[in-house]
Amino acid sequence: RHIYCSLGRRDFGELVQCTHRETGEIFALKCIRKKFEDSYKQEEEVLQYVSSLNCDKNNLVKFREVFLYQDRIFIAFEKLDMTLMDFMRERNWKPLSIDEIRIIADQMLLALNSLKQAGLTHTNVTPENIMLVDHKSQPLRVKLIGFGKACLTSTLSERDIAVNCGYSAPEIVLDGRLDNSVDTWGLGCTLAFLSQGFHLYPTCDEYEYLRVIVQLFGNPDENKDYDDLVSLDFLMHSVLPVKDPIELEGKRAFVGLLKQMICVNPADRILPAEALHHTFFRSKITVTDSEIKTGGGDRTPDNVPPQDLKDDQQLIRLQTWSEIYRPNDKST
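Sequential numbering of the sequence shown, starting at -18, is according to this note's numbering.
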């Protein structure tokens, strides 16, 4: 193997780009730090399960091999392009269009559904753990990565799941009973980030994170009708104004899907398989790279009868903590 260049440092160690001398294949090599070597066995076990799935069809990163070299552990993966976080940073945090978000959401729900069927939970679905395959040749083709914290769903209660404020489900912060719906929460927050260009919960403080969740959604054990939540309706009036009735209908459907994904009570969250049949995916739209760079294009969804828009002006007056608190550094 020959190391081309470093792809950056992560919590676990360094990520480098390599080529296989015999096959010429370029791949990403994860170099595990010694203090994380004890946990690599869990990751290797999960990756073996993931490898048994159709990774291309289910939008999961391909695991190549694990090997030891000079008393260090290395994990090889297929080489991908950039994370969604880096992609948004490159766009100067310009929100994606509803059509573009639909394409990414569709792929990631397929990924989560395949993990659920295999009895696996990722536990850390964030913009940092979703990568574009090649945003020049395959616009918006994405794969789920970052299985270092993944585990068998049946063992979730035995795991010490690290909290990622802003993307971890509240039951993780509260040490509650866990299931694979934590991934649905993480994906919902990620899609909200893509639609706004800033984190839905931009805080690193666990107490503040929970305070905001309770402020917006109520206590986790409250028996309430989550279909009637209006706290996410500020997304209807995002940075990118929508005037076309059909596009507005698509945005309504998107907000409706988020309300079912970001539910405080895990039992109320929509399943990935159910989400794939949500009205948000009424039309499957492809985009070109030029459209991505300009933030959209002439893409028209299937005809959907527009709803009465008379209540939209009332939504403009709604304020949420996410609208008020927008830190300058959106990467934290």
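Think of the CB as a built atom: it goes at the ideal place given N, C-alpha and C, for glycine as much as any other residue.
Quick caveat: nothing in here was measured; it's all calculated off a predicted structure.
Which value, in whole angstroms, describes the spacing of the CA atoms of Glu3 and Leu168? The count along the sequence shown starts at 1 and reaches residue 3 at position 22. The count along the sequence shown starts at 1 and reaches residue 168 at position 187. When rounded, the distance between both Cα atoms is 38 Å.
Determine which residues share a DSSP beta bridge with Asp80 and list them. To locate residue 80, count along the sequence shown from 1; it is residue 99. Asp80 is not bridged to any residue.
Contact defined as beta carbons within less than 8 Å: I believe Ile56 pairs with Lys11. What is the distance between those atoms, to the nearest angstrom? For the purposes of this step, residue 56 is taken as the residue at position 75 of the sequence shown. For the purposes of this step, residue 11 is taken as the residue at position 30 of the sequence shown. Correct: roughly 4 Å between the Cβ atoms.
Out of Asn94, Gln23 and His259, which has the shortest C-alpha to C-alpha gap to Asn40? Here the question's residue 40 lines up with position 59 in the sequence shown. Cα-wise, what sits closest to Asn40 is Asn94.
Is Tyr182 helix, strand or coil by DSSP? By one-based count along the sequence shown, residue 182 stands at place 201. Three-state DSSP puts Tyr182 in coil, outside helix and strand.
From the DSSP output, in three-state form, read off Lys38 for me. Residue mapping note: residue 38 aligns to position 57 of the sequence shown, counting from 1. Reduced to three states, the DSSP call for Lys38 is coil.
What residues in its chain sit with their C-beta under 7 Å from that of Ala143, if we drop five residues either side in the sequence? As a first step, residue 143 must be located in the sequence shown, where it is residue number 162. Cβ neighbours of Ala143 beyond the five flanking positions: Lys130.
So, at 6 Å on beta carbons, what are the nonlocal neighbours of Tyr148 in its own chain, with the 5 sequence-adjacent residues on each side left out? To locate residue 148, count along the sequence shown from 1; it is residue 167. Contacts found: Thr107, Gly167 and Cys170.
In chain order, what residues of the same chain lie with their CB nearer than 8 Å to the CB of Asp206, ignoring the 5 residues before and after it? Within the sequence shown, the letter at position 225 stands for residue 206. Unreliable placement is indicated for Asp206, whose pLDDT of 38 sits below 50; the coordinate value is still reported in the next sentence. Result list for Asp206: empty, nothing under 8 Å.
So Ser176 packs on Pro76, CB below 8 Å; how close in whole Å? In the sequence shown, the residue the question calls residue 176 occupies position 195. In the sequence shown, the residue the question calls residue 76 occupies position 95. Right, their Cβ atoms sit about 6 Å apart.
Inter-residue Cα distance where the pair is Asp292 and Arg14: The residue labelled residue 292 in the question sits at position 311 within the sequence shown. The residue labelled residue 14 in the question sits at position 33 within the sequence shown. Any answer about Asp292 is weak, because its pLDDT of 35 lies below 50 and its placement is not dependable; what the coordinates show is given next. About 55 Å.
When Thr64, Glu71, Leu101 and Val27 are compared against Val47, the one with the closest alpha-carbon: Here residue 47 refers to the residue found at position 66 of the sequence shown. When only C-alpha atoms are compared, the closest one is Val27.
Could you check where the alpha helix (DSSP H) with Pro151 kicks off and where it finishes? Taking the first residue of the sequence shown as position 1, residue 151 is located at position 170. Segment Pro151 to Val154, the alpha helix (DSSP H) holding Pro151.
Quick one: Cα of Gly30 to Cα of Leu49, how far? Here residue 30 refers to the residue found at position 49 when the sequence shown is read from its first residue. Here residue 49 refers to the residue found at position 68 when the sequence shown is read from its first residue. In the sequence on display, residue 30 carries Tyr and not Gly. So the two alpha carbons sit approximately 21 Å from each other.
Which first and last residues belong to the alpha helix (DSSP H) in which Glu25 is found? Your numbering for residue 25 matches position 44 in the sequence shown. Unbroken alpha helix (DSSP H) run through Glu25: Tyr21 to Ser32.
Between which residues of its own chain and Val114 is the CB-CB distance below 8 Å, once the five residues before and five after are set aside? Residue mapping note: residue 114 aligns to position 133 of the sequence shown, counting from 1. Correct list, in chain order: Leu61, Asp62, Arg122, Val123 and Lys124.
Residue burial classification, Arg158 (beta-carbon count within 10 angstroms, cutoff 16): What you label residue 158 is simply residue 177 of the sequence shown in a count that begins at 1. Its Cβ having fewer than 16 others within 10 Å, Arg158 is exposed.
In the DSSP assignment, the alpha helix (DSSP H) including Gln177 goes from what residue to what residue? As a first step, residue 177 must be located in the sequence shown, where it is residue number 196. First-last of the alpha helix (DSSP H) with Gln177: Ser162 to Gln177.
Can you list, in chain order, the residues of its chain with a C-beta nearer than 8 Å to that of Asn204? Leave out the 5 residues immediately preceding and following it. Position 223 of the sequence shown, counted from the first residue, corresponds to residue 204. Its pLDDT being 40, under 50, Asn204 is placed unreliably in this model, and the value from its coordinates should be taken loosely. So the list is empty, once near-sequence residues are dropped.
Sequence-distant residues of the same chain with beta carbon closer than 6 Å to Pro287, five excluded per side: By 1-based counting over the sequence shown, the position of residue 287 is 306. Any reading at Pro287 is ruled out, since the residue's pLDDT is 34, under 50, leaving its predicted position unreliable.
Rounded straight-line distance, which links the Cα of Thr102 to that of Glu(-5): If you number the sequence shown from 1, residue -5 lands on position 14. If you number the sequence shown from 1, residue 102 lands on position 121. Going by the C-alpha atoms only, they are around 24 Å apart.
Would you report the Cα separation of Ala256 and Leu197, rounded to the nearest angstrom? Along the sequence shown, one-based indexing puts residue 256 at 275. Along the sequence shown, one-based indexing puts residue 197 at 216. So the two alpha carbons sit approximately 22 Å from each other.
Sort out for me which residues DSSP pairs Thr382 with in a bridge. The displayed coordinates of the chain run from -18 to 313. Any statement about residue 382 would go beyond what the structure contains.
CA-CA distance, Cys244 and Lys38? The residue you call residue 244 lines up with position 263 of the sequence shown. The residue you call residue 38 lines up with position 57 of the sequence shown. Rounded to the nearest angstrom, the two C-alpha atoms are 28 Å apart.
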